[in-house]
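Q: Read in order, the letters of the sequence shown are residues 12 to 216 in the working numbering. Have a look at this one.
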Amino acid sequence: MLNKNIIKASLVAGCMSLAMFSFSVADDDVKVEVETEDTQSYSGSSDTNTLKGTKPREENIDVARELTITKSAPYSYYKLPQLPQYTPKPLIEEAKGIAVVNGVPLNCKLLGEAEGIDSSDGKAAPSFELIREGALNDLRNGTMDLVDARDRVILTPVKEAMTCELRTENDQFEEKDCTQWTQIPSNGKILFYRIHANVFDCGPR
12 MLNKNIIKAS LVAGCMSLAM FSFSVADDDV KVEVETEDTQ SYSGSSDTNT LKGTKPREEN
72 IDVARELTIT KSAPYSYYKL PQLPQYTPKP LIEEAKGIAV VNGVPLNCKL LGEAEGIDSS
132 DGKAAPSFEL IREGALNDLR NGTMDLVDAR DRVILTPVKE AMTCELRTEN DQFEEKDCTQ
192 WTQIPSNGKI LFYRIHANVF DCGPR
């Protein structure tokens, strides 16, 4: 009987010891799981913070780059290229004998009217004297189609007109009649010059 009681006591003690061990292990497992969750949560928070911290920096770089391009683009866009120098239309050799005078020549026959024009389009701003010279040369050159090269030809201008090109505040260009202007503004230039003249045949040379 005594042996049975001893065996029962031993079994009870063993069961209690086993239960305490299991509880201890379970408690450790819980602690490990909690610590693991905390670690994962911290790690995730760290990654999120890192991404959030990196993204604005990248956006700031892009914004700065765009601003740089935006600021430099208008400068290159509005900066006018260096235009070639204007030169008057040349006078051909055959037209060098044609005279240009004011008034009606005596003992001459009126053949008709001719026009000469010169333009500074795509060229640097010309002076009044040079572009008028180019228009006169074009007038004399064109007259050769109306007369015999052996005749003495005289031209008398009857009308002259000048057209200017002006750059507006909106970076646009507009043309205006500037025949009566005494001075060309800094934002403009003479674009066209036209001369109308009567053509007279004054007989053989």
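Heads up, the beta-carbon is just placed ideally off N, CA and C, and yes, glycines get one too. Owing to the predicted nature of the structure, the values given are computational and were not obtained by experimental measurement.
1) Once you ignore the five residues that flank residue 95 on each side, which residues in its own chain have a CB closer than 6 Å to its CB?
2) Report all residues from its chain with a CB closer than 8 Å to the CB of residue 180; omit the five preceding and five following residues, and keep chain order.
3) Could you pull the start and end residues of the beta strand (DSSP E) that residue 167 belongs to?
4) Spell out a yes or no on whether the region 111 to 131 and the region 198 to 209 are touching, meaning 3 or more CB-CB pairs, one atom from each, closer than 8 Å.
5) In this structure, what does DSSP give as the bridge partners for residue 125?
6) At the level of alpha carbons, what is the spacing between residue 158 and residue 167?
7) Could you tell me the alpha carbon to alpha carbon distance between residue 170 and residue 126, rounded to whole angstroms?
8) Can you name, in chain order, every residue of its own chain whose Cβ lies under 7 Å from the Cβ of residue 123, other than the five neighbours on each side?
9) Once you ignore the five residues that flank residue 214 on each side, which residues in its own chain have a CB closer than 8 Å to its CB?
10) Go ahead and label residue 48 buried or exposed: buried means 16 or more other beta carbons lie within 10 angstroms of its beta carbon, across all protein chains shown.
11) For residue 132, does the three-state DSSP call read helix, strand or coil?
12) Looking only at C-alpha atoms, which of 216, 185, 165, 149 sits nearest to residue 116?
13) Distance check for residue 174 and residue 217, CA to CA, integer angstroms please.
14) Got a sec, what are the start and stop residues for the beta strand (DSSP E) residue 188 sits in?
15) Could you work out which residue in 155, 153, 188, 98 is closest to residue 132 when comparing CA atoms only?
16) Counting only the same chain and skipping the five closest in sequence on each side, list residues whose C-beta sits under 6 Å from that of residue 141.
17) Let's see if you can read the secondary structure: which residues bound the alpha helix (DSSP H) around residue 152?
A: Reading it off the structure:
1) Cβ within range, chain order: 134.
2) For residue 180, where only same-chain residues beyond five positions count, there are no Cβ hits under 8 Å.
3) Where residue 167 is concerned, the enclosing beta strand (DSSP E) starts and stops at 162 to 178.
4) The region 111 to 131, when compared against the region 198 to 209, does touch it at the 8 Å Cβ threshold.
5) Paired residue(s): 208.
6) Taking the Cα positions, residue 158 is about 15 Å away from residue 167.
7) Cα to Cα, the separation comes out at about 10 Å.
8) Cβ within range, chain order: 157, 210.
9) Taken in chain order, the residues that qualify are 118, 119, 162, 163.
10) Residue placement at residue 48 is flagged as unreliable, the pLDDT there being 42, under the threshold of 50; the coordinate-derived value follows with that caveat. The residue is exposed, with fewer than 16 neighbouring Cβ atoms inside 10 Å.
11) Looking at residue 132 - three-state DSSP - the assignment turns out to be coil, as it is neither helix nor strand.
12) The candidate whose alpha carbon is nearest that of residue 116 is 165.
13) In the structure as shown, the chain begins at 12 and stops at 216. Residue 217 is therefore absent and cannot be evaluated.
14) Annotation: the continuous beta strand (DSSP E) that includes residue 188 extends over 184 to 188.
15) Measuring from the Cα of residue 132, the nearest candidate turns out to be 98.
16) Only 99 meet the Cβ criterion.
17) Per DSSP, residue 152 belongs to the alpha helix (DSSP H) from 139 to 154.
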